[in-house]
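In the order they appear, the protein sequences are chains A and W. The first sequence begins at 1 in my numbering and counts up one residue at a time. The second sequence begins at 1 in my numbering and counts up one residue at a time.
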Amino acid sequence: MLKQFMSYLGSNVTPGSANNQLWALIYVFIIFTGVSVAAMAMNWLERKALPHFQIRLGPMRVGPHGLLQPIADAIKWMLKEDVIPAEADQFVFWIAPMIGLLAAFAVYTVIPFGPSEAVSDMNIGILFMLGVSSLGVLGIVVAGWASNSHYPLISALRSSAQMVSYEVAMALAVVSAILMTSLNAKGTGTLSMIGIVQAQQDQGRWFIFRFFPLGLIAFIIFSIAMIAETNRAPFDMADAESELTAGYHTEYSGLRWSLFLLAEYATMIAVSSIAVTLWLGGWMRPFPNFLHAPAWDLIFSLFPALTFFGLAAIAVLGVVRMPAHSLFRIQRIGLAGFAAVLGLIALLLLVIAVAGRSADASLAARFNQGIGYVYWFVLKVAVFLYLFLWYRATWPRYRFDQLMKIGWKVMLPISLGVLIVTAIVGVLVP
Amino acid sequence: MNPAMNSAVNAGMVPVATPWFFYMLAGLAVLSGALVITRRNAVHSALALIVTLISVAGLYLMLYAPFVFAVQLFVYAGGIMLLFLFVIMLVNVERSSKERRFNRMWPVGFAAACSLMALFMFAFLKGKALFPDRRIPLPEASNTQQIAALLYGEAGGMGSYTFAFEIASLLLLAAILGAVIMTKKKL
Chain A
1 MLKQFMSYLG SNVTPGSANN QLWALIYVFI IFTGVSVAAM AMNWLERKAL PHFQIRLGPM
61 RVGPHGLLQP IADAIKWMLK EDVIPAEADQ FVFWIAPMIG LLAAFAVYTV IPFGPSEAVS
121 DMNIGILFML GVSSLGVLGI VVAGWASNSH YPLISALRSS AQMVSYEVAM ALAVVSAILM
181 TSLNAKGTGT LSMIGIVQAQ QDQGRWFIFR FFPLGLIAFI IFSIAMIAET NRAPFDMADA
241 ESELTAGYHT EYSGLRWSLF LLAEYATMIA VSSIAVTLWL GGWMRPFPNF LHAPAWDLIF
301 SLFPALTFFG LAAIAVLGVV RMPAHSLFRI QRIGLAGFAA VLGLIALLLL VIAVAGRSAD
361 ASLAARFNQG IGYVYWFVLK VAVFLYLFLW YRATWPRYRF DQLMKIGWKV MLPISLGVLI
421 VTAIVGVLVP
Chain W
1 MNPAMNSAVN AGMVPVATPW FFYMLAGLAV LSGALVITRR NAVHSALALI VTLISVAGLY
61 LMLYAPFVFA VQLFVYAGGI MLLFLFVIML VNVERSSKER RFNRMWPVGF AAACSLMALF
121 MFAFLKGKAL FPDRRIPLPE ASNTQQIAAL LYGEAGGMGS YTFAFEIASL LLLAAILGAV
181 IMTKKKL
């Protein structure tokens, strides 16, 4: 076991390719924890950023600036009574949130946080992602039906119609990006998530800029379709609270309801990762072939440490600005501790960045590279997650017929056109 | 180590507990297949059918055909079954669950199924030489590319199935157009 553990350290393939089950499990554990924590953070950010868009404060009571609100909510959900309506279909009601959660988390197997920072590199990566995430809607549909209530049933019908419609445009946009992978010198295209990023690396540009504006249009189509796929505003027809109370999860309460929330955030992160992988160069840092001198490498590898230093500085500022009242003492100590933890992480990252600055095969250099890959990937995904909140704060909800009209009469023809033009241009302009 | 394992090692993969997974997936497929026809509630049947389809997809994966696995998941489990559920949810489950599930033809159907099973067994037992005695060492990593070469052909030339593939796509297009024309009164 120790041998299996040590032999993978410093390797440059995924645990799946290296056939190392132990490290695959470790990666799965890290990703599961990371995504759960990210979902918590997103929950906090959503309840904090959205009020700020609307000039409100949001949660302020539990911890400094409501930082502990997600934890308090999690405890509340766990302690709440678990209600299953008497007329509901018990078994299906019970299994529905799990279907959603399973589908949302299974796709993380192939998401490439780096060239070797993924659980496995599947030959069918992107197809696997689309296929498994299309199973996620089954959870919503089944939950709506099993509740045996009017609003959830209407919500289930709406969301299944919506998913089927937008999946078409989404898949066509993805195909036009996959076509671009076959343009590199190596000849054949690829469906592997890692291969797609490497194709962008070989061609020296992100696919969003490839055949301008074709890549950009496909990217925009995908970014619209993914909002509809994740049931987020302005396409949140499935849980439009002014029409359907809470949609498919009206009858759910407590822990079961929080599973839906977790699945929603996990799906959001997963589809954002698809967009980042296909069009925004995945794990690559900005300008990898334009600014490639060792000095630039060092500067870019300092970014993770700088980010954590910045976060620590914000936390310290919060400590300083806290009212000098005895009621705030515990909060202040807690926030100072949080700042210290962030600062320590930043220091650790700084040490790794400096120790691993040479491009040799040492473990520190390998760690440095890995942290860089994960950092840039997560940063790009984080931008998307913020955009999700921004959309919700900005645009009013569409009507259902408008939603369908856009899906079938605007998005589908445009994505089909982009696909055809990309194919023609790809053949004519090698 | 048996020969099948060796070929798998050559392809860069070592299968984990292969027989165990096979029996689990096959058992799941048969069990949920039986549930599909015995459940009174149509939605339960549909859910059992999804489990069957996913287990069969798992079997495709065990045969080193990841592309077929993904298509099975995407098209059948994700797309078609979703539409199935969409339709079933509008059916009055209360009434349909009180109706007779099997009509009087079931002995005939049972006999037909048994004879089909007997035919399969006969073909398998008599024609054992036709079946490979171990897994064909297909490289899992290039499965999709090989399918593409068969369907669309390598650079320049036509693939073996290009014509049939295009004809099938035309047929589907005609079906889609027909559906649109039949539902739209005014185009």
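Glycine residues also receive a C-beta, built at the ideal position from the N, C-alpha and C atoms. In this text the structure is predicted, and so the values were computed from the model without any measurement.
Inter-residue spacing [alpha-carbon to alpha-carbon] between M98(A) and L259(A): For the purposes of this step, residue 98(A) is identified with residue 98 of the first sequence, where counting begins at 1. For the purposes of this step, residue 259(A) is identified with residue 259 of the first sequence, where counting begins at 1. Straight-line Cα distance between these residues: approximately 7 Å.
Limits of the unbroken alpha helix (DSSP H) element including V116(A): The count along the first sequence starts at 1 and reaches residue 116(A) at position 116. Reading off the sequence, residue 116(A) comes out as Ser, not Val. Judged by DSSP secondary structure, S116(A) falls outside any alpha helix (DSSP H); it is assigned neither H nor E.
The stretch 392-407 of chain A contacting the stretch 204-215 of chain A, beta-carbon criterion three pairs below 8 Å: Note that the stretch 392-407 of chain A does not touch the stretch 204-215 of chain A; fewer than 3 beta-carbon pairs, one per stretch, sit closer than 8 Å.
Cβ-based burial, W395(A) [other Cβ within 10 Å; buried from 16]: Taking the first sequence and counting its residues from 1, the one referred to as residue 395(A) is at position 395. Only exposed fits W395(A), as fewer than 16 other CB atoms lie within 10 angstroms of its CB.
Proximal residues, the stretch 211-240 of chain A versus chain W, C-beta separation under 7 Å: none
V43(W) at chain A interface by Cβ criterion, 8 Å: One-based indexing of the second sequence puts residue 43(W) at position 43. Output row for V43(W): interface = yes.
E264(A) versus M40(A): straight-line alpha-carbon distance, rounded: Position 264 of the first sequence, counted from the first residue, corresponds to residue 264(A). Position 40 of the first sequence, counted from the first residue, corresponds to residue 40(A). Cα-Cα distance, rounded: 12 Å.
Coarse secondary structure for F128(A), derived from DSSP in three states: By 1-based counting over the first sequence, the position of residue 128(A) is 128. In this structure, F128(A) counts as helix in the three-state DSSP scheme.
Distance, I299(A) Cα to V354(A) Cα: Translated into the one-based positions of the first sequence, residue 354(A) becomes position 354. Translated into the one-based positions of the first sequence, residue 299(A) becomes position 299. In a straight line, the C-alpha of V354(A) is about 10 Å away from that of I299(A).
Boundaries of the alpha helix (DSSP H) in which M226(A) is found, first to last residue: One-based indexing of the first sequence puts residue 226(A) at position 226. Residues L214 to E229.
Coarse secondary structure for S258(A), derived from DSSP in three states: By 1-based counting over the first sequence, the position of residue 258(A) is 258. Three-state DSSP puts S258(A) in a helix.
Supposed close pair P59(A), R47(A) - CB separation, criterion 8 Å: Translated into positions along the first sequence, residue 59(A) becomes position 59. Translated into positions along the first sequence, residue 47(A) becomes position 47. Confirmed, about 6 Å.
Neighbour list for F163(W) in chain A, Cβ cutoff strictly below 8 Å: By one-based count along the second sequence, residue 163(W) stands at place 163. In chain order: nothing, as chain A lies at least about 19 Å away.
Length of the line joining the Cα atoms of A305(A) and A313(A): As a working mapping, residue 305(A) is identified with position 305 in the first sequence. As a working mapping, residue 313(A) is identified with position 313 in the first sequence. In this model, A305(A) and A313(A) are separated by some 12 Å (Cα to Cα).
Chain A contact residues for M182(W), given Cβ-Cβ distances below 8 Å: By one-based count along the second sequence, residue 182(W) stands at place 182. Those do not exist, as M182(W) stays about 17 Å from chain A at its closest Cβ, beyond 8 Å.
Between the CA atoms of G34(A) and A199(A) - distance to the nearest angstrom: Along the first sequence, one-based indexing puts residue 199(A) at 199. Along the first sequence, one-based indexing puts residue 34(A) at 34. About 27 Å.
Short Cβ contact (8 Å threshold) for V374(A) with G114(A): Numbered from 1 along the first sequence, position 374 holds the residue referred to as residue 374(A). Numbered from 1 along the first sequence, position 114 holds the residue referred to as residue 114(A). Yes. Within cutoff.
Beta-carbon proximity check, S415(A) vs L172(A), cutoff 8 Å: Taking the first residue of the first sequence as 1, we reach residue 415(A) at position 415. Taking the first residue of the first sequence as 1, we reach residue 172(A) at position 172. Yes. Within cutoff.
Rounded Cβ spacing between V92(A) and V142(A) (contact assumed at less than 8 Å): The residue given as residue 92(A) occupies position 92 in the first sequence. The residue given as residue 142(A) occupies position 142 in the first sequence. Their Cβ separation, rounded to whole angstroms, is 6 Å, which keeps V92(A) and V142(A) in contact under 8 Å.
Segment limits, alpha helix (DSSP H) that includes Q162(A): Within the first sequence, residue 162(A) is the residue found at index 162, counting from 1. First-last of the alpha helix (DSSP H) with Q162(A): H150 to T181.
Through-space distance from L335(A) to P51(A), alpha-carbon basis: Here the question's residue 51(A) lines up with position 51 in the first sequence. Here the question's residue 335(A) lines up with position 335 in the first sequence. C-alpha separation (whole angstroms): 22 Å.
DSSP state of T267(A) mapped onto helix, strand, coil: Translated into the one-based positions of the first sequence, residue 267(A) becomes position 267. Three-state result, T267(A): helix.
Chain W within 8 Å of M432(A), Cβ atoms only: Any question about residue 432(A) goes unanswered here, given that chain A covers just 1 to 430.
Alpha-carbon spacing of A4(W) relative to L47(W), whole angstroms: Your numbering for residue 4(W) matches position 4 in the second sequence. Your numbering for residue 47(W) matches position 47 in the second sequence. For A4(W), the pLDDT reaches just 39, beneath the cut-off of 50, and the residue's location in the model is therefore unreliable, leaving the point undetermined.
Integer-rounded CB distance, given that A270(A) should sit under 8 Å from I406(A): As a first step, residue 406(A) must be located in the first sequence, where it is residue number 406. As a first step, residue 270(A) must be located in the first sequence, where it is residue number 270. Not a contact, Cβ separation roughly 23 Å.
Spatial distance of L255(A) from F328(A) (CA atoms): In the first sequence, counting from the first residue as 1, residue 255(A) sits at position 255. In the first sequence, counting from the first residue as 1, residue 328(A) sits at position 328. So the two alpha carbons sit approximately 31 Å from each other.
Close-in-space but distant-in-sequence residues of the same chain around L150(W) (CB under 8 Å, 5 per side omitted): One-based indexing of the second sequence puts residue 150(W) at position 150. So the list reads G159, S160 and Y161, once near-sequence residues are dropped.
Assigned exposure category for L127(A) - 16 Cβ within 10 Å defines buried: Residue mapping note: residue 127(A) aligns to position 127 of the first sequence, counting from 1. So L127(A) counts as buried.
Three-state class that DSSP yields for T14(A) in the structure shown: Taking the first residue of the first sequence as 1, we reach residue 14(A) at position 14. In the structure shown, T14(A) sits in coil (DSSP, three-state: anything other than H, G, I, E or B).
Sequence-distant residues of the same chain with beta carbon closer than 6 Å to A339(A), five excluded per side: Here the question's residue 339(A) lines up with position 339 in the first sequence. Here the set comprises A312, A315 and V316.
The stretch 138-153 of chain A in contact with the stretch 240-250 of chain A per 3-pair CB rule at 8 Å: yes
Extent of the continuous alpha helix (DSSP H) run through L327(A): Taking the first sequence and counting its residues from 1, the one referred to as residue 327(A) is at position 327. Counting along the chain, L327(A) sits inside no alpha helix (DSSP H), nor does DSSP assign it H or E at all.
Proximity of L431(A) and G426(A) at Cβ, strictly below 8 Å: This structure does not reach residue 431(A), given that chain A is present from 1 up to 430, and the question cannot be answered.
Meets three-Cβ-pair contact criterion under 8 Å: the stretch 69-87 of chain W and the stretch 40-60 of chain W: yes
Simplified DSSP assignment, three categories, for Y76(W): Walking along the second sequence from the start, residue 76(W) turns up at place 76. If DSSP states are grouped into helix, strand and coil, Y76(W) belongs with the helices.
K380(A) burial status per 10 Å Cβ neighbour count (16 or more: buried): Residue numbering aside, residue 380(A) sits at position 380 when the first sequence is read from its first letter. Taking all protein chains in view, the Cβ of K380(A) is crowded by 16 or more other Cβ atoms within 10 Å, so the residue is classified as buried.
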